Amino acid sequence: MRLGPRPAALGLLLLCAVTAGAGDAEELHYPQGEHRSEYDREALLGGQEEVDEYVKLTPEEQHKRLKSIIKKIDLDSDGFLTESELSSWIQMSFKHYAMQEAKQQFVEYDKNGDGSVSWDEYNIQMYDRVIDFDENTALDDAEEESFRQLHLKDKKRFEKANQDSGPGLNLEEFIAFEHPEEVDYMTEFVIQEALEEHDKNGDGFVSLEEFLGDYRRDPTNEDPEWILVEKDRFLNDYDKDTDGRLDPQELLSWVVPNNQGIAQEEALHLIDEMDLNSDRKLSEAEILENQDLFLTSEATDYGRQLHDEYFYHDEL
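Numbering (mature numbering (1 follows the signal peptide of the UniProt record, and there is no 0)), first residue to last: -25 to -1, 1 to 291.
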């Protein structure tokens, strides 16, 4: 599942953790060079806890819950799942789990249990202390200055999410802070934040050069593969009016995850793989015939929905 943007400062910390742990992950996946299939299952189901829950279900219970989910995806109750129905379901699943994650985090951040998360509480949860930078004074150390900039961006987003100007964020405002892409009143802020980061000449647009960031082409060599891929994305995915630059709305499609596109791709993938009679839709029988593929798909959030009553309970 692809979730929306996380707080920027957290991204900095995670980058360090990922860099340090990359070798450990590789060792877990390929110990002594041998592929460990359990690693794939843990990744698909979300971790060892989810794997343990999954294997505890009887085949009958798995079958029953899966059939219940299939019926819910089938919006017109005609017995078939179309690309549109699958795509809509996957998008709904994305949003549901993003909101659930934010609600769980809200409880962890609300240290005094008063129903709101203050800026101090956010800092304590993130860094174990309250951090306060001077907004107008840059730091000499490049790494510390980078962190200061990220922390100030977090603070600006926190203040923007705080609609009622109270001392902290209520649950709805906290969701807007954690997932600004899901909340309409945060859209303008997201665009402005992206322009401040990428629009180096201040013209209100992002050119291809600004899109590529610090990359400088060596005229004596061909562009590397990743640059060719990024150029293709700029030209064919984002620059809809083909004017060679991204306007604010085009910029939004870049900086905010396009869950609709992701969901549609997954829906088409499932139909391509599971449609046995080539009618471009899936019957319950076709899905149950290839149950493992469906359970390792974003359509079931990699099997997680089998443990979530929101999805499999008949009365919901």
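Ideal placement from N, C-alpha and C gives every residue a C-beta, glycine not left out. Treat the numbers as computed from the prediction; the structure is a model and nothing was measured.
Within the DSSP secondary-structure output, residue 143 pairs in a beta bridge with 93. The C-beta distance from residue 146 to residue 137 rounds to 13 Å, too long to meet the 8 Å contact threshold. Considering only 195, 225, 197, the residue with the shortest C-alpha distance to residue 209 is 225. Setting aside the 5 residues that flank it on each side, residue 61 is surrounded in the same chain by 48, 242, 245, 274, each with a C-beta closer than 7 Å to its C-beta; the list follows chain order.
Contact between residue 81 and residue 149 is confirmed by a C-beta separation of about 5 Å, below the 8 Å threshold. Rounded to the nearest whole angstrom, the CA to CA distance from residue 40 to residue 287 is 5 Å. With contacts defined by Cβ atoms closer than 9 Å, residue 264 and residue 251 form a contacting pair. Three or more pairs of CB atoms, one per stretch, sit closer than 8 Å, so the stretch 173 to 185 contacts the stretch 208 to 223. The shortest C-alpha to C-alpha distance from residue 214 to any of 54, 229, 201 is the one to 229.
When the five nearest sequence neighbours on each side are left out, the beta carbons in the same chain lying within less than 7 Å of the beta carbon of residue 114 are those of 120, 123, in order along the chain.
Per DSSP, reduced to three states, the secondary structure at residue 210 is helical. Sorting 202, 157, 129, 248 by C-alpha distance to the C-alpha of residue 234 places 157 at the top. For residue 113, there is no enclosing alpha helix (DSSP H), since its DSSP letter is neither H nor E. CA-CA distance, residue 84 to residue 152, rounds to 13 Å. For residue 56, DSSP records a beta bridge to 257. A distance below 6 Å between beta-carbons, with the five flanking residues on each side excluded, links residue 135 to the following residues of its chain, in chain order: 164. Per DSSP, residue 223 is one residue of the alpha helix (DSSP H) stretching across 223 to 230.
Between the alpha carbons of residue 155 and residue 94 lies a distance of about 17 Å.
Burial is judged here by how many other beta carbons sit within 10 angstroms of a residue's own beta carbon; residue 278 has at least 16 and is buried.
Shown here for residue 45: same chain residues with a beta carbon closer than 8 Å to its own, the five before and five after excluded, namely 56, 259, 262 in chain order.
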